[in-house]
Amino acid sequence: MTEQPWEGSALLRPGALAFTGTIGVTDPHAHHAVQIMTAPTVMTIVDGNDARHRGTTVIVPADATHRIDTGAAQGALVFLDPESTAGRAAHHRSIHHGWTSGPVLSHTRERPLGAVVTDLISQLTPVPAGPVPQRHPAVSAALDLLATPTGPGAVRGTEVAAQVGISASRLTHLFTDEVGIPLRRYVLWRRLHIAITRVQAGDDLTGAAHAAGFADSAHLSRTCRDTFGLPPSLLSRHIRWDIDTRV
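Mapping the sequence shown onto the UniProt record's numbering, position 126 (from 1) lands on 126, and the numbers just tick up by one.
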(Lines of atoms letter the chains of each structure in order from A and count residues from 1; the text may use other names and numbers.)
(Lines give C-alpha, C1' and ligand atoms only; values in the text may rest on other atoms or scores of the structure.)
Protein backbone atom coordinates (compact mmCIF):
# COMPACT_ATOMS: atom_id res chain seq x y z
CA MET A 1 0.00 0.00 0.00
CA THR A 2 1.25 3.48 -0.77
CA GLU A 3 2.24 5.08 2.52
CA GLN A 4 1.16 8.61 3.34
CA PRO A 5 2.86 10.74 5.97
CA TRP A 6 0.83 10.35 9.13
CA GLU A 7 0.80 13.66 10.96
CA GLY A 8 -2.16 14.83 12.98
CA SER A 9 -4.16 13.70 15.98
CA ALA A 10 -5.33 10.21 16.88
CA LEU A 11 -7.45 8.57 19.53
CA LEU A 12 -7.44 4.99 20.73
CA ARG A 13 -10.26 3.37 22.71
CA PRO A 14 -10.99 -0.34 23.15
CA GLY A 15 -12.60 -1.28 19.84
CA ALA A 16 -12.01 2.05 18.10
CA LEU A 17 -9.08 3.92 16.58
CA ALA A 18 -9.58 7.37 15.06
CA PHE A 19 -7.33 9.77 13.16
CA THR A 20 -7.86 13.31 11.97
CA GLY A 21 -5.73 14.94 9.32
CA THR A 22 -5.15 14.53 5.60
CA ILE A 23 -6.90 11.56 3.98
CA GLY A 24 -4.52 10.53 1.21
CA VAL A 25 -4.87 8.24 -1.79
CA THR A 26 -3.90 4.57 -1.40
CA ASP A 27 -3.25 1.46 -3.45
CA PRO A 28 -5.81 -1.40 -3.23
CA HIS A 29 -5.73 -3.06 0.17
CA ALA A 30 -7.96 -4.68 2.78
CA HIS A 31 -8.05 -4.76 6.57
CA HIS A 32 -10.15 -6.39 9.26
CA ALA A 33 -11.47 -3.22 10.93
CA VAL A 34 -14.55 -1.47 9.57
CA GLN A 35 -13.37 1.92 8.28
CA ILE A 36 -15.53 5.05 8.41
CA MET A 37 -14.27 8.17 6.65
CA THR A 38 -15.81 11.61 6.94
CA ALA A 39 -14.76 14.93 5.43
CA PRO A 40 -16.32 18.27 4.41
CA THR A 41 -15.56 17.49 0.76
CA VAL A 42 -16.59 14.51 -1.37
CA MET A 43 -14.25 11.51 -1.33
CA THR A 44 -14.11 8.66 -3.85
CA ILE A 45 -13.45 5.09 -2.72
CA VAL A 46 -13.09 2.30 -5.30
CA ASP A 47 -13.96 -1.24 -4.19
CA GLY A 48 -12.57 -4.57 -5.37
CA ASN A 49 -15.09 -4.71 -8.24
CA ASP A 50 -14.04 -1.24 -9.46
CA ALA A 51 -17.33 0.30 -8.27
CA ARG A 52 -16.88 3.90 -7.17
CA HIS A 53 -18.39 5.15 -3.92
CA ARG A 54 -18.56 8.95 -3.62
CA GLY A 55 -19.64 10.89 -0.54
CA THR A 56 -18.62 12.94 2.46
CA THR A 57 -19.06 9.87 4.68
CA VAL A 58 -18.03 6.43 3.45
CA ILE A 59 -18.12 3.10 5.33
CA VAL A 60 -15.74 0.38 4.11
CA PRO A 61 -16.90 -3.02 5.45
CA ALA A 62 -14.55 -5.44 7.17
CA ASP A 63 -12.02 -7.28 4.97
CA ALA A 64 -13.20 -5.50 1.78
CA THR A 65 -10.60 -4.66 -0.85
CA HIS A 66 -10.64 -0.94 -1.60
CA ARG A 67 -8.52 2.05 -2.48
CA ILE A 68 -8.92 5.75 -1.79
CA ASP A 69 -9.03 7.42 -5.20
CA THR A 70 -9.89 10.94 -4.02
CA GLY A 71 -9.16 11.83 -0.43
CA ALA A 72 -9.55 15.08 1.48
CA ALA A 73 -7.26 17.82 2.73
CA GLN A 74 -8.81 17.45 6.16
CA GLY A 75 -11.04 14.71 7.47
CA ALA A 76 -11.38 11.89 9.97
CA LEU A 77 -10.90 8.12 9.79
CA VAL A 78 -12.52 5.88 12.39
CA PHE A 79 -11.68 2.18 12.54
CA LEU A 80 -14.09 -0.04 14.48
CA ASP A 81 -13.48 -3.64 15.50
CA PRO A 82 -15.97 -5.66 13.41
CA GLU A 83 -16.71 -7.88 16.40
CA SER A 84 -17.74 -4.91 18.57
CA THR A 85 -21.36 -3.82 18.79
CA ALA A 86 -20.73 -0.58 16.88
CA GLY A 87 -18.48 -2.30 14.34
CA ARG A 88 -21.10 -4.94 13.54
CA ALA A 89 -23.71 -2.22 13.08
CA ALA A 90 -21.45 -0.22 10.72
CA HIS A 91 -20.53 -3.33 8.72
CA HIS A 92 -24.19 -4.31 8.39
CA ARG A 93 -25.12 -0.80 7.26
CA SER A 94 -22.45 -0.72 4.54
CA ILE A 95 -23.31 -4.20 3.26
CA HIS A 96 -27.08 -3.74 3.18
CA HIS A 97 -27.49 -0.02 2.56
CA GLY A 98 -24.36 0.96 0.67
CA TRP A 99 -20.94 2.35 1.46
CA THR A 100 -22.18 5.95 1.49
CA SER A 101 -24.99 5.30 3.99
CA GLY A 102 -22.93 6.36 6.97
CA PRO A 103 -24.04 8.53 9.91
CA VAL A 104 -23.92 12.32 9.54
CA LEU A 105 -20.91 13.51 11.53
CA SER A 106 -19.72 17.01 12.34
CA HIS A 107 -16.31 17.80 10.95
CA THR A 108 -13.47 17.49 13.46
CA ARG A 109 -12.27 21.07 12.98
CA GLU A 110 -15.27 22.13 15.03
CA ARG A 111 -15.30 19.24 17.51
CA PRO A 112 -12.73 17.21 19.44
CA LEU A 113 -11.97 13.83 17.89
CA GLY A 114 -13.24 12.05 20.99
CA ALA A 115 -16.63 13.71 20.59
CA VAL A 116 -16.81 12.60 16.96
CA VAL A 117 -16.12 8.97 17.95
CA THR A 118 -18.65 9.09 20.78
CA ASP A 119 -21.26 10.57 18.44
CA LEU A 120 -20.53 7.93 15.79
CA ILE A 121 -20.91 5.04 18.23
CA SER A 122 -24.11 6.48 19.71
CA GLN A 123 -25.62 6.82 16.22
CA LEU A 124 -24.69 3.25 15.33
CA THR A 125 -25.75 1.75 18.67
CA PRO A 126 -28.25 3.98 20.49
CA VAL A 127 -28.31 3.45 24.23
CA PRO A 128 -31.77 2.36 25.50
CA ALA A 129 -33.49 4.73 27.90
CA GLY A 130 -33.46 3.86 31.57
CA PRO A 131 -30.83 3.21 34.22
CA VAL A 132 -27.53 1.67 33.15
CA PRO A 133 -27.32 -1.89 34.51
CA GLN A 134 -24.41 -2.69 36.79
CA ARG A 135 -21.66 -4.88 35.41
CA HIS A 136 -21.19 -8.41 36.61
CA PRO A 137 -18.42 -8.49 39.26
CA ALA A 138 -16.39 -10.92 37.14
CA VAL A 139 -16.42 -8.51 34.18
CA SER A 140 -15.32 -5.63 36.39
CA ALA A 141 -12.57 -7.81 37.85
CA ALA A 142 -11.42 -8.84 34.36
CA LEU A 143 -11.25 -5.20 33.25
CA ASP A 144 -9.21 -4.32 36.32
CA LEU A 145 -6.87 -7.21 35.65
CA LEU A 146 -6.37 -6.25 32.01
CA ALA A 147 -5.72 -2.62 32.93
CA THR A 148 -2.30 -3.50 34.34
CA PRO A 149 0.57 -2.77 31.89
CA THR A 150 1.97 -6.30 32.09
CA GLY A 151 -1.34 -8.19 31.75
CA PRO A 152 -2.64 -8.06 28.20
CA GLY A 153 0.55 -9.15 26.47
CA ALA A 154 0.85 -12.46 28.30
CA VAL A 155 -2.54 -13.44 29.69
CA ARG A 156 -5.09 -15.55 27.82
CA GLY A 157 -8.86 -15.52 28.16
CA THR A 158 -8.85 -18.83 30.02
CA GLU A 159 -6.30 -17.44 32.47
CA VAL A 160 -8.36 -14.29 33.03
CA ALA A 161 -11.43 -16.42 33.71
CA ALA A 162 -9.53 -18.55 36.21
CA GLN A 163 -8.23 -15.47 38.04
CA VAL A 164 -11.70 -13.91 38.36
CA GLY A 165 -13.29 -17.19 39.43
CA ILE A 166 -15.65 -17.94 36.56
CA SER A 167 -15.69 -20.33 33.60
CA ALA A 168 -14.14 -19.12 30.35
CA SER A 169 -17.37 -19.61 28.40
CA ARG A 170 -19.42 -17.67 30.97
CA LEU A 171 -16.89 -14.82 31.08
CA THR A 172 -16.77 -14.66 27.28
CA HIS A 173 -20.56 -14.31 27.11
CA LEU A 174 -20.78 -11.74 29.89
CA PHE A 175 -17.84 -9.69 28.62
CA THR A 176 -19.17 -9.45 25.07
CA ASP A 177 -22.66 -8.57 26.28
CA GLU A 178 -21.62 -5.93 28.83
CA VAL A 179 -18.48 -4.41 27.24
CA GLY A 180 -19.57 -4.65 23.62
CA ILE A 181 -16.46 -6.42 22.33
CA PRO A 182 -15.26 -10.03 22.79
CA LEU A 183 -12.63 -10.58 25.46
CA ARG A 184 -9.96 -11.83 23.04
CA ARG A 185 -10.42 -8.76 20.84
CA TYR A 186 -10.31 -6.49 23.88
CA VAL A 187 -6.96 -8.03 24.82
CA LEU A 188 -5.59 -7.20 21.34
CA TRP A 189 -6.72 -3.57 21.64
CA ARG A 190 -5.13 -3.35 25.09
CA ARG A 191 -1.85 -4.62 23.64
CA LEU A 192 -1.98 -1.95 20.92
CA HIS A 193 -2.72 0.58 23.66
CA ILE A 194 0.40 -0.48 25.56
CA ALA A 195 2.57 -0.39 22.41
CA ILE A 196 1.44 3.11 21.44
CA THR A 197 1.87 4.36 25.01
CA ARG A 198 5.43 3.04 25.11
CA VAL A 199 6.32 4.60 21.75
CA GLN A 200 4.95 7.92 22.95
CA ALA A 201 7.12 7.56 26.07
CA GLY A 202 10.24 7.17 23.92
CA ASP A 203 10.62 3.42 23.28
CA ASP A 204 11.56 2.18 19.83
CA LEU A 205 9.17 -0.20 18.02
CA THR A 206 11.04 -3.29 19.23
CA GLY A 207 10.86 -2.26 22.88
CA ALA A 208 7.23 -1.24 22.56
CA ALA A 209 6.34 -4.51 20.84
CA HIS A 210 7.95 -6.63 23.55
CA ALA A 211 6.33 -4.59 26.32
CA ALA A 212 2.93 -5.20 24.74
CA GLY A 213 3.42 -8.95 24.30
CA PHE A 214 4.16 -9.02 20.56
CA ALA A 215 6.96 -11.31 19.37
CA ASP A 216 8.88 -8.44 17.77
CA SER A 217 8.39 -5.16 15.89
CA ALA A 218 7.49 -7.06 12.70
CA HIS A 219 4.65 -8.81 14.55
CA LEU A 220 3.39 -5.45 15.82
CA SER A 221 3.62 -3.94 12.33
CA ARG A 222 1.73 -6.88 10.77
CA THR A 223 -1.00 -6.51 13.37
CA CYS A 224 -1.39 -2.81 12.54
CA ARG A 225 -1.60 -3.55 8.82
CA ASP A 226 -3.90 -6.54 9.13
CA THR A 227 -6.26 -4.73 11.50
CA PHE A 228 -6.24 -1.20 10.11
CA GLY A 229 -4.33 -1.33 6.81
CA LEU A 230 -2.03 1.29 8.31
CA PRO A 231 1.79 1.45 8.25
CA PRO A 232 4.02 1.30 11.34
CA SER A 233 4.47 5.09 11.06
CA LEU A 234 1.00 5.27 12.63
CA LEU A 235 2.83 4.70 15.91
CA SER A 236 5.16 7.64 15.28
CA ARG A 237 5.66 10.31 17.91
CA HIS A 238 4.73 12.82 15.18
CA ILE A 239 1.08 11.96 15.92
CA ARG A 240 -0.60 13.50 18.96
CA TRP A 241 -2.27 10.55 20.67
CA ASP A 242 -5.20 10.52 23.05
CA ILE A 243 -5.23 7.14 24.79
CA ASP A 244 -8.64 6.44 26.30
CA THR A 245 -9.30 3.24 28.25
CA ARG A 246 -13.04 3.79 28.75
CA VAL A 247 -15.41 1.00 27.68
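Think of the CB as a built atom: it goes at the ideal place given N, C-alpha and C, for glycine as much as any other residue.
Computed from a prediction, not measured in an experiment: that's the story for all the values here.
Review point. Using the beta-carbon count (16 or more within 10 Å), is G15 buried or exposed?
Key: In the sequence shown, residue 15 corresponds to position 15, counting from 1. Residue environment: G15 is assigned as buried (16 or more neighbouring CB atoms within 10 Å of its CB, all protein chains considered).
Point to revise | Integer-rounded CB distance, given that I23 should sit under 8 Å from I45 | key: Here residue 45 refers to the residue found at position 45 when the sequence shown is read from its first residue. Here residue 23 refers to the residue found at position 23 when the sequence shown is read from its first residue. Not really, about 10 Å apart at Cβ, beyond 8 Å.
Review point. Given 8 Å as the limit, is there contact between the segment 24 to 34 and the segment 65 to 85, that is, 3 or more CB pairs closer than that?
Key: Inter-segment contact for the segment 24 to 34 and the segment 65 to 85 is present: three or more beta-carbon pairs are separated by less than 8 Å.
Check your understanding: Assuming G114 contacts D244 under a Cβ cut-off of 8 Å, what Cβ separation, rounded to an integer in Å, is found between them?
Key -> The residue you call residue 114 lines up with position 114 of the sequence shown. The residue you call residue 244 lines up with position 244 of the sequence shown. For a cut-off of 8 Å, the C-beta gap from G114 to D244 is around 7 Å, short enough to register as a contact.
Check your understanding: If you draw a straight line from the alpha carbon of G180 to that of V42, how long is it in whole angstroms?
Key -> Within the sequence shown, numbered from 1, the residue matching residue 180 stands at position 180. Within the sequence shown, numbered from 1, the residue matching residue 42 stands at position 42. Distance between the alpha carbons of G180 and V42: 32 Å.
Exercise for review: Enumerate, from N- to C-terminal direction, the unbroken alpha helix (DSSP H) stretches of 4 or more residues contained entirely within the segment 36 to 113.
Suggested key: The qualifying runs are 85 to 97.
Point to revise | Beta carbon of A18 nearer than 8 Å to that of A76 | key: On the sequence shown, residue 18 is found 18 positions in, with the first residue counted as 1. On the sequence shown, residue 76 is found 76 positions in, with the first residue counted as 1. Cβ distance < 8 Å, so A18 and A76 count as in contact.
Review point. Going by DSSP, which residues form a beta bridge with A162?
Key: Locating residue 162 in the sequence shown gives position 162, where the first residue counts as 1. DSSP lists no beta-bridge partner residue for A162.
Check your understanding: According to DSSP, which residues form a beta bridge with F19?
Key -> The residue you call residue 19 lines up with position 19 of the sequence shown. Per DSSP, A10 and L77.
Point to revise | Local Cβ density within 10 Å of P28, reported as buried at 16 or more and exposed below that | key: Taking the first residue of the sequence shown as 1, we reach residue 28 at position 28. Exposed, by the Cβ-count rule.
Review point. Looking at C-alpha atoms only, which residue of Q74, I59, L105 and H97 is the closest neighbour of G87?
Key: By 1-based counting over the sequence shown, the position of residue 87 is 87. Of Q74, I59, L105 and H97, the residue nearest in Cα terms is I59.
Check your understanding: When you compare only the Cα positions, how much space is there between L230 and S9?
Key -> If you number the sequence shown from 1, residue 230 lands on position 230. If you number the sequence shown from 1, residue 9 lands on position 9. Approximately 15 Å, taken between the alpha carbons.
Check your understanding: Excluding five sequence neighbours on each side, which residues of the same chain lie with their C-beta closer than 7 Å to the C-beta of L174?
Key -> Taking the sequence shown and counting its residues from 1, the one referred to as residue 174 is at position 174. Here the set comprises H136, A138 and V139.
Practice item. Determine, using beta carbons only, whether A51 and H91 come nearer to each other than 8 Å. Key: Here residue 51 refers to the residue found at position 51 when the sequence shown is read from its first residue. Here residue 91 refers to the residue found at position 91 when the sequence shown is read from its first residue. Not a contact, by the Cβ cut-off of 8 Å.
Exercise for review: Quick one: grab the DSSP three-state call for H29.
Suggested key: If you number the sequence shown from 1, residue 29 lands on position 29. The three-state secondary structure of H29, taken from DSSP, is strand.
Review point. Among P126, S122 and H193, which has the Cα closest to the Cα of L146?
Key: Walking along the sequence shown from the start, residue 146 turns up at place 146. L146 has its Cα closest to that of H193, out of P126, S122 and H193.
Point to revise | Beta-carbon proximity of L183 to V164, cut-off 8 Å | key: Against the sequence shown, residue 183 aligns to sequence position 183. Against the sequence shown, residue 164 aligns to sequence position 164. Taking the C-beta atoms as reference points, V164 is found no nearer than 8 Å to L183.
Exercise for review: In the DSSP assignment, find the alpha helix (DSSP H) that holds D144 and state where it starts and stops.
Suggested key: If you number the sequence shown from 1, residue 144 lands on position 144. P137 to L146 is the extent of the alpha helix (DSSP H) around D144.
Review point. By the 10 Å Cβ neighbour count, where 16 or more other Cβ atoms means buried, how is W241 classified, buried or exposed?
Key: Reading the sequence shown from its first residue, position 241 is the one you call residue 241. That one is buried.
Exercise for review: Throw me the rounded Cβ distance for the A209 and D216 pair, which I believe falls under 8 Å.
Suggested key: Taking the first residue of the sequence shown as 1, we reach residue 209 at position 209. Taking the first residue of the sequence shown as 1, we reach residue 216 at position 216. In this structure A209 is in contact with D216, their Cβ atoms being roughly 6 Å apart against a cut-off of 8 Å.
Check your understanding: Between the C-alpha atoms of A142 and A168, what's the straight-line distance to the nearest angstrom?
Key -> On the sequence shown, position 142 is the one that residue 142 refers to. On the sequence shown, position 168 is the one that residue 168 refers to. Taken atom to atom, the span from the alpha-carbon of A142 to that of A168 is near 11 Å.
Review point. Exposed or buried, which one is H53 when buried takes at least 16 other CB atoms within 10 Å?
Key: Within the sequence shown, the letter at position 53 stands for residue 53. H53 is buried by the Cβ-count criterion.
**Study point:** Cβ neighbours of F228 in the same chain (closer than 6 Å, five flanking residues each side left out)
**Key:** Counted from its first residue, the sequence shown places residue 228 at position 228. Once the five neighbours on either side are set aside, the close Cβ partners of F228 are H31, A33 and F79.
Review point. Exposed or buried, what is V104 when buried is set at 16 or more other beta-carbons lying within 10 Å of its beta-carbon?
Key: Residue 104 sits at position 104 when you count from the first residue of the sequence shown. That one is exposed.
Exercise for review: With a 10 Å radius around its C-beta and 16 neighbouring C-beta atoms as the bar for buried, classify S122 as buried or exposed.
Suggested key: One-based indexing of the sequence shown puts residue 122 at position 122. Looking at its Cβ environment, which holds fewer than 16 other Cβ atoms inside 10 Å, S122 is exposed.
Review point. In the structure shown, what three-state DSSP assignment does R156 receive?
Key: Counting from one through the sequence shown, the residue named residue 156 turns up at place 156. Here DSSP, grouped into helix, strand and coil, assigns R156 to coil.
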